[in-house]
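>
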Amino acid sequence: MLTISKVIFLIIISVCHGIPTTDRKCSPDTIDFDTKVAKSSIVVYGKAMAKILDEENDSMFHVFFQVYCILKGPATLRQINITNAGNQKENLLSIMRISQSKYLKRFLGHVEGKEYCQEFPVGHGYSIAFLEPLSSNTTDNKTFIPADFVEIHTDGASMNQLLARTCNLVQTVPIRSSASASEVCPAVSTDPICQKTTTVVTA
1 MLTISKVIFL
11 IIISVCHGIP
21 TTDRKCSPDT
31 IDFDTKVAKS
41 SIVVYGKAMA
51 KILDEENDSM
61 FHVFFQVYCI
71 LKGPATLRQI
81 NITNAGNQKE
91 NLLSIMRISQ
101 SKYLKRFLGH
111 VEGKEYCQEF
121 PVGHGYSIAF
131 LEPLSSNTTD
141 NKTFIPADFV
151 EIHTDGASMN
161 QLLARTCNLV
171 QTVPIRSSAS
181 ASEVCPAVST
191 DPICQKTTTV
201 VTA
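In terms of our numbering, the sequence shown opens at residue 1 and continues consecutively.
Structure follows, in structure tokens:
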């Protein structure tokens, strides 16, 4: 015999399943690395330390990100906030919230006005994040929003080769970091096809 809680849960699932999901789906990541770098103002190498779901919009989450090296753009602080990232995955909490919304449109998916989502898994190694400054404060070196690209997870020799063959990347350590670029930055733009020498910058 079904309990009341199970009945409510099944109703929630059926309601959510019956709503068109076209608007919330994230586009497959088909953008090459060179394009992501070229069209992003800031590119950083580091780790996602924590994620928080946005309280008002289940299509967004916020990331506490530890920067080890800046590969493009101005120096940032070592610990930055990445806000308004777009969700890729649904969870039960979000489904419950959706069912309680009178608009029934708070599905996880890309942020309004953007095509791609981000994931930023915590505890899964290094990532390369493609960022933009806040439009309200372009000089802020702590808080950023994602460019409209999926982040890249740096695992294996293929990523090392990709970084080596991407020209004009730099190795900038975060502001007030005591580490040297050789200690914290991956090797970049080292392939012979790159005519310019990789720039090492100390903030």
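No residue lacks a Cβ here, since even glycine has one placed at the ideal position from N, Cα and C.
Provide the residue(s) that pair with Ala129 in DSSP beta bridges, ordered along the chain.
In DSSP, Ala129 forms a bridge with Val44.
> Could you tell me the boundaries of the beta strand (DSSP E) in which Phe149 lies?
Where Phe149 is concerned, there is no enclosing beta strand (DSSP E), given that its DSSP letter is neither H nor E.
> Let me make sure I understand the geometry here. Which of Gly156, Ser177 and Val44 has the alpha-carbon closest to that of Asn81?
Nearest of Gly156, Ser177 and Val44 to Asn81, Cα basis: Val44.
> Using a Cβ-Cβ cut-off of 6 Å (strictly less than) and excluding sequence neighbours within five positions of His62, which residues of its own chain qualify?
Excluding residues within five positions, the ones whose Cβ falls inside 6 Å are Ile52 and Thr83.
> With the cut-off set at 8 Å, would you say Cys167 and Ile128 are in Cβ contact?
Cβ distance not < 8 Å, so Cys167 and Ile128 don't count as in contact.
> Quick one: Cα of Phe149 to Cα of Lys72, how far?
Their Cα atoms are separated by approximately 15 Å.
> So does the segment 55-69 actually touch the segment 29-37, counting three or more Cβ pairs closer than 8 Å?
No, the segment 55-69 does not touch the segment 29-37.
> Distance, Cα to Cα, Tyr126 vs Met49?
Using only the alpha carbons, I get a separation of about 10 Å.
> Does DSSP put Cys185 in a helix, in a strand, or in coil?
It is coil, neither helix nor strand.
> So, using beta-carbon positions, are Ala164 and Cys69 closer together than 8 Å?
No; because the gap between Cβ atoms is not below 8 Å, this pair is not in contact.
> Give the secondary structure of Thr21 by DSSP, where H, G and I count as helix, E and B as strand, and everything else as coil.
Because Thr21 sits at a pLDDT of 36, beneath the cut-off of 50, its placement in the model cannot be relied upon, and the following sentence gives the value as read from the coordinates. The answer is coil: DSSP assigns Thr21 none of H, G, I, E or B.
> For Thr190, name the three-state secondary structure that DSSP assigns.
Three-state DSSP puts Thr190 in coil, outside helix and strand.
> Tell me which same chain residues have a C-beta within less than 6 Å of the C-beta of Ser135, skipping the five on either side of it?
Counting only Cβ-Cβ distances below 6 Å, and skipping sequence neighbours, we find nothing.
> Assuming the contact rule is C-beta atoms closer than 8 Å, Ser41 and Pro133 should be a hit. Round their C-beta distance to whole Å, please.
About 6 Å separates the two Cβ atoms, so the contact holds.
> Measure the Cβ-Cβ separation of Ile152 and Leu131 and say whether it is below 8 Å.
Taking 8 Å as the Cβ cut-off, Ile152 and Leu131 do not qualify as a contacting pair.
> Put Ala85 into one of helix, strand or coil per three-state DSSP.
Note: Ala85 maps to strand in three-state DSSP.
> By DSSP, does Ser135 sit in helix, in strand, or in coil?
Ser135: coil per DSSP, three-state reduction.
> Whose C-beta lies closer than 7 Å to the C-beta of Gln66 among residues of the same chain, with five residues either side of it excluded?
Within the same chain, Gln66 has close Cβ partners Gly46, Lys47, Met49, Arg78 and Gln79.
> Would you report the Cα separation of Asp32 and Cys117, rounded to the nearest angstrom?
Each residue's alpha carbon lies about 15 Å from the other.
> Going by DSSP in three states, Ala50 sits in which element: helix, strand or coil?
Ala50 falls in the strand class under three-state DSSP.
> Could you tell me which residues DSSP puts in a beta bridge with Val63?
According to DSSP, which records beta bridges pairwise, Val63 is partnered with Lys51 and Ile82.
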